[in-house]
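Chemist: Just dropping this structure here.
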Amino acid sequence: MPQEKPDLRTLSEPVRFRRAVALLLMTLVLPGSAQIVAGSKRAGRYAWRVVAGLIALVLFLVLLSLVWRSGTINLIVAPATLRVVQVLLIVLAIGWAALFVDAYRLGRPLTLERNHRLAASILDGVLVVLVVGALVWGSTIVSAQRDFVASVFGSGEKSSADKGRYNVLLLGGDSGANRIGVRPDSITLASIDAETGRAVLIGLPRNMAKVPFPAGSEMAKQFPNGFEWDDCGHNCYLNGVYTWAMGHKQHFPGVQEPGLLATQQAVEGITGLKVNYYVLIDIAGFQHLLNAVGGITVDVGKRVPIGGIGAPIKGYIEPGKNQHLDGYHAMWFARSRANASDYERMTRQKCVMTAMLNQLSPQKVLTKFQGIAAAGKQVVQTNIPSGELGTFTDLALDSKKLPVSSFSPVPPLIKTGDPDFDLIRSKVAEAIGKSEALDRAAGDGDGQKTDTPSSVSPSKKPSTSPGKSGTTPSKPSSDVDDVAQVCKA
Numbered sequence: 001m002p003q004e005k006p007d008l009r010t011l012s013e014p015v016r017f018r019r020a021v022a023l024l025l026m027t028l029v030l031p032g033s034a035q036i037v038a039g040s041k042r043a044g045r046y047a048w049r050v051v052a053g054l055i056a057l058v059l060f061l062v063l064l065s066l067v068w069r070s071g072t073i074n075l076i077v078a079p080a081t082l083r084v085v086q087v088l089l090i091v092l093a094i095g096w097a098a099l100f101v102d103a104y105r106l107g108r109p110l111t112l113e114r115n116h117r118l119a120a121s122i123l124d125g126v127l128v129v130l131v132v133g134a135l136v137w138g139s140t141i142v143s144a145q146r147d148f149v150a151s152v153f154g155s156g157e158k159s160s161a162d163k164g165r166y167n168v169l170l171l172g173g174d175s176g177a178n179r180i181g182v183r184p185d186s187i188t189l190a191s192i193d194a195e196t197g198r199a200v201l202i203g204l205p206r207n208m209a210k211v212p213f214p215a216g217s218e219m220a221k222q223f224p225n226g227f228e229w230d231d232c233g234h235n236c237y238l239n240g241v242y243t244w245a246m247g248h249k250q251h252f253p254g255v256q257e258p259g260l261l262a263t264q265q266a267v268e269g270i271t272g273l274k275v276n277y278y279v280l281i282d283i284a285g286f287q288h289l290l291n292a293v294g295g296i297t298v299d300v301g302k303r304v305p306i307g308g309i310g311a312p313i314k315g316y317i318e319p320g321k322n323q324h325l326d327g328y329h330a331m332w333f334a335r336s337r338a339n340a341s342d343y344e345r346m347t348r349q350k351c352v353m354t355a356m357l358n359q360l361s362p363q364k365v366l367t368k369f370q371g372i373a374a375a376g377k378q379v380v381q382t383n384i385p386s387g388e389l390g391t392f393t394d395l396a397l398d399s400k401k402l403p404v405s406s407f408s409p410v411p412p413l414i415k416t417g418d419p420d421f422d423l424i425r426s427k428v429a430e431a432i433g434k435s436e437a438l439d440r441a442a443g444d445g446d447g448q449k450t451d452t453p454s455s456v457s458p459s460k461k462p463s464t465s466p467g468k469s470g471t472t473p474s475k476p477s478s479d480v481d482d483v484a485q486v487c488k489a
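Next comes the structure, spelled out in structure tokens:
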């Protein structure tokens, strides 16, 4: 037989107040429980079913991520999924607020003394604001994620790993009124093991001449003997490939940005590796992206000028360990060429990339995501399809646990004005082989996991393999250097 509801008039006023507060807190901990105890059991059970369904969905995604992390990430970041989540969070906010209002009503506030009624009202208002505010904030984060994915990542063609590796071309572009588009001045190929995420950064000097192109490519047809022509001046260098292609679009029918395609072909010709995707970052806007994540911390080995090279020097980034740089100073740390060689700048750029990889935790990305998304849409361009986000997020999480290796074909091993491209390709293959050997050693089960790649210090025996320059380097750049060791004060 159904029981009659207790007559609250028989309860003392303090008990009625505690009951009212308890109903509100029950709604916070388990939505619908206040209705089960003191109101409409049907409404309470419906709320419980919703909560149980959400818990089951979360547990399913957690279990799925344990066996298929990349697929789970792809599912979660899909624009259609994000739209559903965005709407669901708003509906949950409205429903939960309604349950709080009903729980307040069930507490019979008119039977309470004035101070207790005021306290219950304030508590109810605070809980509604906290819960609804959190859900609405979550909805805005999801909306920003959806907008970011739609704006930056497209529905381009998926590129499969080549020989077990993804090769992603990282381009740092300098935009300007006197330039066509965002010309790449920083060119790095990140070769990533598709299984372990261990990465090798191959930094290519922008002043490399006579760049070859893969057989059969449009650039190879135009420059069968490498990238050079009469009276081309400095434009015959690697970073001039982009400008030439953008100025000769008739050779690339149907290609929206031939400069990027031509640069990709140049990198393939130099390294002998297939380039799967590219990521272009406008260095001029790079500071906004770094400001969004709160900056980075790096070791600064020497004084780095701010400005210079055709403009006055405005200041310096002083040397020291664990220097925290905001977006403006991190940008100049990466781009400054005053009183330094291109090769030194390439090293600093690797330091910045490694710092971002190691210091951008998922928690920081989540809490700063709106700023990251807003800045990213302005400065990041890529042909990585949105369906591959899970794959590369998965690899990035694995890569964070491993040291990043690097190789740069620079003097004295390589004479950039007259490079030995066969030597470069062999050294690239050697660098990747050394990196992959670390994973094989770690998987041997002997308990002697290698934590850092091999490198040659100045005291070790130098290489006897000269480049076309005819010099014997004291520290050959063919060695796989742990970037963490390079980036030390």
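Using full-length UniProt numbering, you'd call the opening residue of the sequence shown number 1 and step up by one each time.
C-beta atoms are modelled at their ideal positions from N, C-alpha and C, and glycine is treated no differently.
Remember, it's a predicted structure, so these values are computed and weren't measured experimentally.
Residue 523 by DSSP, collapsed to three states: which one?
Modeler: With the chain covering 1 to 489 only, the question about residue 523 has no answer from this structure.
Chemist: Could you tell me the boundaries of the alpha helix (DSSP H) in which F392 lies?
Modeler: Looking at the DSSP string, the run of the alpha helix (DSSP H) that includes F392 is 389 to 399.
Chemist: Tell me whether R16 is buried or exposed, calling it buried when 16 or more other Cβ atoms sit within 10 Å of its Cβ.
Modeler: The residue in question, R16, is buried, as its Cβ has 16 or more Cβ neighbours within 10 Å.
Chemist: Assign residue 490 to buried or exposed, taking buried as 16 or more other Cβ atoms, counted over all protein chains shown, within 10 Å of its Cβ.
Modeler: In this structure the chain extends from 1 to 489, so residue 490 is not present and cannot be described.
Chemist: By a C-beta neighbour count over all protein chains shown, 10 Å radius and 16 as the cutoff for buried, is I313 buried or exposed?
Modeler: Exposed: under 16 other Cβ atoms inside 10 Å.
Chemist: Assess contact between the region 17 to 33 and the region 110 to 128, defined as three or more Cβ pairs (one per stretch) separated by less than 8 angstroms. Is contact present?
Modeler: Taking 8 angstroms as the limit for Cβ pairs, the verdict is that the region 110 to 128 does touch the region 17 to 33.
Chemist: Within the present structure, is the beta-carbon of R337 separated from the nearest heavy atom of the ligand COA by less than 7 angstroms?
Modeler: This structure lacks the ligand COA, and indeed carries no ligand of any kind.
Chemist: So, using beta-carbon positions, are K321 and S406 closer together than 8 angstroms?
Modeler: No, the pair does not count as a contact, with Cβ atoms beyond the cut-off.
Chemist: I'd like the span of the alpha helix (DSSP H) that includes Y242, first residue to last.
Modeler: Taken as a continuous stretch (DSSP letters only), the alpha helix (DSSP H) holding Y242 covers 241 to 247.
Chemist: From this set, G173, M26, A43, which residue's C-alpha is nearest V380's C-alpha?
Modeler: Closest by alpha carbon: G173.
Chemist: Need the endpoints of the alpha helix (DSSP H) that Y316 sits in, please.
Modeler: Looking at the DSSP string, Y316 is not in any alpha helix (DSSP H); the run it does join, the beta strand (DSSP E), is 313 to 317.
Chemist: Look up I90 in the DSSP assignment and say whether it is helix, strand or coil.
Modeler: Here I90 sits in helix by DSSP.
Chemist: Less than 6 angstroms between C-beta atoms, sequence neighbours within five positions excluded: which residues of the same chain meet that for V132?
Modeler: If we look at V132 and ignore the five residues flanking it on each side, its Cβ neighbours are A93, A97.
Chemist: When burial is assigned at 16 or more other CB atoms within 10 Å of the CB, is H324 buried or exposed?
Modeler: Per the 10 Å Cβ criterion, exposed.
Chemist: Once you ignore the five residues that flank L135 on each side, which residues in its own chain have a CB closer than 6 angstroms to its CB?
Modeler: Excluding positions up to five away in sequence, the list reads L89, L92, A93.
Chemist: Check each candidate in S139, V211, T243 and name the one with the smallest Cα separation from P258.
Modeler: Closest option to P258, Cα to Cα, is T243.
Chemist: Distance check for L402 and S40, CA to CA, integer angstroms please.
Modeler: C-alpha separation (whole angstroms): 56 angstroms.
Chemist: Assign S33 to one of three DSSP states: helix, strand, or coil.
Modeler: Helix.
Chemist: Between I270, R303, A334, Y328, which lies nearest to K427 when the distance is taken from Cα to Cα?
Modeler: Among I270, R303, A334, Y328, the Cα nearest to that of K427 belongs to I270.
Chemist: Which value, in whole angstroms, describes the spacing of the CA atoms of K400 and N383?
Modeler: One C-alpha to the other measures close to 23 angstroms.
Chemist: Here's a check: name, in chain order, each residue in its chain whose Cβ is nearer than 7 angstroms to the Cβ of I180, leaving out the five neighbours to either side.
Modeler: Caution applies to I180, whose pLDDT of 47 falls short of 50 and renders its modelled position unreliable; the model cannot decide the point.
Chemist: Could you name the residues of the same chain whose beta carbon sits closer than 8 angstroms to that of T196, not counting the 5 residues immediately before and after it, in chain order?
Modeler: Result list for T196: D398, L402, D439, in chain order.
Chemist: Starting from V250, follow the beta strand (DSSP E) in both directions and report where the run begins and ends.
Modeler: First, the amino acid is wrong: residue 250 is Gln here, not Val. Unbroken run through Q250: none, as it is neither H nor E.
Chemist: Please identify the residue among Q86, V275, N276, A194 whose C-alpha is closest to the C-alpha of W137.
Modeler: Comparing Cα-Cα distances from W137 to each of Q86, V275, N276, A194, the minimum goes to Q86.
Chemist: For F391 and R165, I'd like the C-alpha separation in whole angstroms.
Modeler: At residue 391 the sequence reads Thr, which differs from the Phe that was named. Approximately 12 angstroms, taken between the alpha carbons.
Chemist: Do V84 and Q145 come within 8 angstroms of each other at the CB atom, strictly closer than that value?
Modeler: The answer is no: Cβ separation not under 8 angstroms.
Chemist: Does the beta-carbon distance from V168 to Y343 come in below 8 angstroms?
Modeler: No, these two residues do not count as a Cβ contact at 8 angstroms.
Chemist: Ignoring anything shorter than 4 residues or poking outside the region 279 to 316, list the alpha helix (DSSP H) runs there in chain order.
Modeler: Runs found: 283 to 292.
Chemist: Please name the residue in S70, L110, K221, H329 whose C-alpha comes closest to that of A194.
Modeler: Nearest of S70, L110, K221, H329 to A194, Cα basis: S70.
Chemist: Could you tell me the alpha carbon to alpha carbon distance between E13 and H288, rounded to whole angstroms?
Modeler: Each residue's alpha carbon lies about 57 angstroms from the other.
Chemist: Between G285 and G327, what straight-line distance do the alpha-carbon atoms span, to the nearest angstrom?
Modeler: One C-alpha to the other measures close to 9 angstroms.
Chemist: What residue range does the alpha helix (DSSP H) around F153 cover?
Modeler: It is not in any alpha helix (DSSP H) - F153 carries neither H nor E in the DSSP assignment.
Chemist: Using a Cβ-Cβ cutoff of less than 8 angstroms, which residues in the same chain neighbour S121 once the five nearest sequence positions on both sides are dropped?
Modeler: Here the set comprises Y104, P109.
Chemist: If I measure Cβ to Cβ from M261 and keep anything under 6 angstroms in the same chain, skipping five residues before and after, which residues do I get?
Modeler: Note that residue 261 is Leu in the sequence shown, not Met. Cβ within range, chain order: V255.
Chemist: What's the call for N225, buried or exposed, on a 16-neighbour Cβ count within 10 Å?
Modeler: With fewer than 16 other Cβ atoms within 10 Å, it is exposed.
Chemist: For chain D, check one thing: does any of its Cβ atoms lie closer than 8 angstroms to the Cβ of G173?
Modeler: Considering every chain present, this structure includes no chain D. It has just one protein chain.
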